[in-house]
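Data block below; observations after.
Numbering (the working numbering), first residue to last: 1 to 79.
In C-alpha cells:
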C-alpha cells in the first residue's frame with residue numbers, strides 16, 4: 001500500500017465513522033481499517049491511534065465502541 005492509498009483509506013474511514021453515520025457504515029469502516037492492517041502491518045500504529053481516538057471522542061454508540069475495541073485487540077503488534 002502506498003502512502004497515498006493509506007491517506008485515502010484513513011480519509012474514507014474517518015468520513016464513514018463520523019458521529020451520525022449509520023451504524024453499519026461505521027462498523028464497515030472499522031473492518032476496512034482492520035483488513036488494511038492485516039494486509040500491511042506497517043500501518044498498525046496509525047490504525048491503533050485512529051481507532052483509539054474514535055473511542056476517546058465519546059460520541060459513538062456502545063455497539064461501535066465494542067467493535068472498535070475488538071478491532072484494537074486483533075491488531076498485530078507494531079513492528
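A virtual CB, placed ideally from N, CA and C, is assigned to each residue, including glycine.
Predicted model, so just to flag it, every value in this text is computed and none were measured.
- The three-state reading of DSSP puts residue 21 in coil, since its state is none of H, G, I, E or B.
- Rounded to the nearest whole angstrom, the C-alpha separation of residue 58 and residue 20 is 13 Å.
- The Cβ atoms of residue 45 and residue 71 do not sit closer than 8 Å to each other.
- In the structure shown, the three-state DSSP call for residue 49 is helix.
- The residue among 38, 36, 31, 27 with its C-alpha nearest the C-alpha of residue 61 is 27.
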